[in-house]
Each structure stands twice: as C-alpha cells, then as structure tokens.
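Before any comments, here is the structure.
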Amino acid sequence: MSFHDKVVYQIYPKSFKDTTGNGVGDLRGIIDKADYIASLGVDMVWLNPFFPSPGNDNGYDVSDYCAIDPAMGTMEDFDEMVAALAQRGVGVMLDMVLNHTSTEHEWFQRALAGDPHYQDYYILRPAKEDGSAPTNWVSKFGGPAWAPFGQTGLYYLHLFDTTQADLNWRNPAVRAEAARVVNFWRARGVRGFRFDVINLIGKDEVLRDAPAGTDDRAMYTDGPLVHDYLRELAAASFGQDPEAVTVGEMSSTSVEACVGYSNPDNRELDMVFSFHHLKVDYAGGAKWTRMPYDLAALKRIIDQWATGMQDGGGWNALFWNNHDQPRAIDRFADPHHYHARSATMLATAIHLLRGTPYIYMGEEIGMTDPDYLTIEDYVDVEARNAYDELIAGGMEPGEAFATVHAKARDNARTPMQWDSSPGAGFTQGTPWLRPTNQERINVADQEREGVILPYYRRLVALRKQYPVIAHGRYEPWAAEHPDVLAYTRELDGTRLLVLCNFRGHETSVEVPRDLAGAQVLLTNTEDRERLDRAPAAGSLTLGPYEALALIS
C-alpha cells in the first residue's frame, strides 16, 4: 500500500498518557493506548521528539539524537512500543530535528572547547567591520539570529532560540551524521520520518544581509542545495526502504519548491507540510493579532496547493491541527453551538482532498482550545513572551490575553482527554498543563454515544475503500461561493463531490449536472431524507457546518 492510502495519527508524547503519576506523558502511555490507536484505522503514528533535551523549545532542541529522554522512558520502552504498534499494523514515524542542535549537544560543546572538526559542524562567522552581527537576519523567536560563540570573537547562527545552533550542512561530515541518526532508528524498526524545518538546510556559503524592506527568510529558505542534500540523505538512509514514509516540514515555502521536494522522480521526500492555509486569520500577516478568518483566502490557498502539487506530481500532507497550532475547530467553526458538526465538517474537508491526512491527537473527539483565564495558565515561552510584548506595545492586558489565547501553541498541547476525571484520564497526578473541559469532551463519552469519533473512523476507512479518495484527480467546484468549500475527485469514471459549509447558517450550492441523483457517500447531519441520493438536478441546501459527499 502506497503512502497515498495512508492516514497518520500525530501524538505529542508529553500530553498523551502518563503512566508514572508525574503529570508528564511517556512512551509506556502510548503502549497502554495501542489498542485505541489501532481502532482508528490509522497506518502510522508520528511522535513529536522524545530525545534528551533541555526543553527550551519543547524538545526541538535536541542534545542527543540516539537516546530517550529519561522523563519519557527507556530504549526498552521504545522497542516495546514499536513492537506493540507493529502487532496492530501501525508503523512509527519519528521527528528528525536536523537543521539545528541544542547548544548542550556534544558536538556544540566540543566546538566551543576549540575542536576545529566540530566547529565546522556549525555556521560560525566573524562580526562585520563595525562590530555588529554577521548579517541582519532575525530569529524566528525574536531578536537577532546570531549569538557570540564563546570568547572566540565569532558568532554562531541560530534561526530559532539562542540554544538552537544551526548545523552546517555544507560540511559532508554533518550530512553523514544526519544519515547515521536516521539509520540508528531504522535499525530499531522505524519506517517513518518527519523532518523539521528541513527546507532551511541549504544555506549559501557566503551569507548576505537581507536588502532593506525585504523579508530575511528569502535569504536562507528553499535554497537549491536542499534538493541535493535530501537526495543524498535518502540514498544513504530511508530511501533504501521501499515501505518508508517521509514528510518534510517546509517553512515559508512555495508550491514550486514543494513539487520538487515531493515529486517521486526526484527521490527526495514523499510529501510536505506547508502552513499558508493556517495564516488566514493573521491580520497583516502577523500571528499575534485577532481577526475573523478569511474564507475566500482559505479556499484559494487550499486550491492553489491542491492544483499546483497535482500538476507538478507533488504530494501534500493534509492537516488542520498540530502541536504548534491552536485548535482548528475554534478558528474555523463553532464548537459552542455546533460542536459535532464543526468537527466532522472540518475533518471531511481535509480527509477527502488529494494528499495524506494527518490527525492530531484529540482532534478525533473534537477537543477545543482550553478555557484558560490568565497568562499564568500557559507554559509555552512563546505565548508568555508575546503577551509581554503586546502589553509593552500599549495593548490593554485583557485584549493582550485574548490575542494570545486565540493563537497559543499550548492550546493544542493540553492533555489528551480520556475521561471526565480531574486528570482527564491522562494522569493520576497533577498534569503539566491543565485540561479544562474534559467533563464535556472525552474519549469515553465519544466511544459510548459520540458522533465525532465514529465519523473519523469512517473517514479513515473510506480512504481504503474508495480508490478515488486516495488516487483521484482534484478539481475545485463553486470556487466563488462565499460559504462553501467544494471540490470534485475523479478516477476511472468514478466521481466524488465534496461540499463543506463553513458557516453557521443555511446556504445553497449548485450540484454538477453529472452528479445529480448521485449516491450520498457521507453526511454529518441527521437529515434522513437525504441519506441515499442527492436531488435530481439544480442546487441543494446545506445546513450550518454541514458536510456532504456524493459519489457516482
């Protein structure tokens, strides 16, 4: 089975299931829930990093790529987890953070100690003649992207936190180390790899200032060498496994670049994550703002990526949610008045598109942003810094908190809600991040009488059952409709029409003539009159947040 047919379930291990009572999730918690994971019908589990780390960026500052953070468990636990999932037909995908290491990594420490071999593992440059940083680049976490390299008079590049030093991929020894890391985990039965911000590894030898008034990201993103490095890494590691599944996280990227990364003829990666569709509620392109999302822009971006990747032979990783995004149900729908319909409509829109769907833990039961009341409820340094900066800029504290509450990464990192108990079935202790509405939203209730969880299982099963979903051609439909995202899929004479109403009111939409009277494949409403066939001709009315899929 190709990766076109697969569905991936993302687990943030710290928040999935705690078996020790310390309030932090662990690998044994994943073993405990292996039956539940398998029951979803998914093919693979993507795990966020669980490697040793100082934790300055929630594990994306790795200090040892080939070990387990003791708080998460042991290597024996890892091997048992891989085996338990494999017994149930579920593979494991690991998060490879290979653009940068923690400054506590042995390589960086040896470089600091003066070892020239390891100094060439990092991007070190002298100051400019005036004593300022080597370039005017800004860190993605704020402030300059350069920090002093000990007492050497040099600076090291850190596109993220100061404790995350960018690796020098121009050095063949670094590329060999990257392959060695991937091969270490391949030897332990891992066949899936997600590569963090991997399109940032192709930096030029001579680093230049961004011209005044331009975006400095253009100076180091999607460089031509990224393709060479990915081909080399594939040939030396995962490319040797016919069943490997790989995905690259692409920062500030383009359709053109991602076609190159994911077209199978190039032998680089299977698919890509891009994030443009999740910025349609950024006022002026700025994250820490509040505005209603722009549905026309959302539809346009989804269509550009679906059409562009199809035309170029590339492949998208499809998602609404992950560990770095607030819950999509709060952003794009109405969990308060239409909880089940909102969750199932969003799921339909993504799962029936051309690409490989990713489900982020808790999404399948309709988990929402937490009902936090103060900034102290948040742990993430990014959210707390943003709050301070907004207030320093003159914003009222109440508005600053509302802005952070709408966009914080911790919204998605609250513990998985297994039951209605105070610890949400996640822990017997005090959870590292507080759940807030587990009495209303939890797995136990969804298993017993829920709508959302069975619907997700159905969507996953339909992808295996109907080749048109996994392999069909995509075309937009009703592109100018103000309320509805609609598209068709086609394969060998089978036609699928997907209609998703993104509004809390009824709306009418035209049905293509060749799909008049088509069979209803899927609906998220209780409307019994419409369960078998669409109307014979013309338009049909969709209820608030209704999703409907017709097949002929």
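Just so it is clear: in the sequence shown, position 36 is 36 by UniProt numbering, and no numbers are missing. Every residue, glycine too, gets a C-beta built ideally from N, C-alpha and C. On a predicted model such as this, the values are computed, not experimentally measured, just so you know.
### Query
How is the beta strand (DSSP E) around D166 delimited, first residue to last?
Q164 to D166
### Message
Please report the straight-line C-alpha distance between M93 and R503, rounded to a whole angstrom.
### Response
35 Å
### Query
By Cβ distance, which residues of its chain are closer than 6 Å to L98, with the 5 residues on each side in sequence left out?
A178
#### Entry: Nearest candidate by alpha-carbon position, reference I365, set G450, T289 and P144
G450
### Task
Please state whether DSSP places Y118 in a helix, a strand or coil.
helix
### Message
Whether or not the stretch 438 to 447 and the stretch 405 to 421 are in contact is what I'm after, with contact meaning three or more pairs of Cβ atoms, one per stretch, closer than 8 Å; do they touch?
### Response
yes
### Task
Indicate whether the contact test is met: 3 or more Cβ pairs, each with one atom in the stretch 341 to 355 and one in the stretch 421 to 436, closer than 8 Å.
no
### Message
Can you tell me which residues form a DSSP beta bridge with T101?
### Response
A165
### Query
Between the stretch 69 to 85 and the stretch 111 to 129, do three or more beta carbon pairs fall short of 8 Å?
no
### Query
Between the stretch 223 to 233 and the stretch 300 to 314, do three or more beta carbon pairs fall short of 8 Å?
no
### Task
Report the option in L390, E106 and F273 whose CA atom is closest to the CA atom of Y118.
E106
#### Entry: Element boundaries [beta strand (DSSP E), containing L47]
M44 to L47
### Query
Apart from the five residues just before and just after N437, which ones in its own chain have a Cβ nearer than 7 Å to its Cβ?
T368 and D371
### For G312, the first and last residue of its enclosing alpha helix (DSSP H)
L295 to G312
### Message
Do Y9 and V45 have their beta-carbon atoms positioned less than 8 Å apart in this structure?
### Response
yes
### Message
Starting from W477, trace the beta strand (DSSP E) in both directions and tell me its first and last residue.
### Response
R473 to W477
### Task
Find the nearest neighbour of A283 within the set K14, R463, Y156 and P292, judged by alpha-carbon distance.
P292
### Query
Starting from Q87 and walking both ways along the alpha helix (DSSP H), at which residues does that stretch end?
M75 to Q87
### Task
Would you kindly work out how many angstroms separate the C-alpha atoms of T20 and A34, rounded to a whole number?
17 Å
### Query
By the 10 Å Cβ neighbour count, where 16 or more other Cβ atoms means buried, how is residue 559 classified, buried or exposed?
As displayed, the chain neither begins before 1 nor continues past 552, which places residue 559 out of reach and without an answer.
### Nonlocal neighbours in the same chain, by C-beta distance under 8 Å from A549, ignoring five residues either side
T348, L352, L496, L497, V498, L499, V520, L521, L522 and T523
### Task
Specify the secondary structure class of P144 as computed by DSSP and reduced to three states.
strand
#### Entry: S102 versus H158, P144 and D265, residue with shortest Cα-Cα distance
H158
### Query
Between the Cα of L453 and the Cα atoms of G25, F193, R300 and I359, which residue gives the shortest distance?
I359
### Task
Please state whether DSSP places V379 in a helix, a strand or coil.
coil
### Message
If contact is defined by three or more beta carbon pairs under 8 Å, each pair taking one atom from either stretch, is the stretch 461 to 475 in contact with the stretch 52 to 67?
### Response
no
### Task
Could you check if L47 is buried or exposed, using at least 16 other CB atoms within 10 Å of its CB as the buried criterion?
buried
### Task
Confirm, please, whether the CB-CB distance from V90 to I37 is below 8 Å.
yes
### Query
Counting only runs that start and end within the stretch 326 to 392, where is the beta strand (DSSP E) found for 3 or more residues in a row?
356 to 360
### Message
Going by beta-carbon coordinates alone, are I391 and A402 separated by less than 8 Å?
### Response
no
### Task
List the DSSP bridge partners of S539.
E510
### Query
Taking just the CA atoms, how far does G131 sit from Y220?
22 Å
#### Entry: Rounded straight-line distance, which links the Cα of M416 to that of E439
12 Å
### Query
Would the stretch 129 to 145 and the stretch 158 to 167 be scored as touching if the rule is three or more Cβ pairs under 8 Å?
yes
### Query
Can you tell me the Cα-Cα spacing of K14 and F160, whole angstroms?
21 Å
### Query
Just reading off the beta strand (DSSP E) that I68 is part of, what are its end residues?
Taken as a continuous stretch (DSSP letters only), I68 belongs to no beta strand (DSSP E), as it is neither H nor E.
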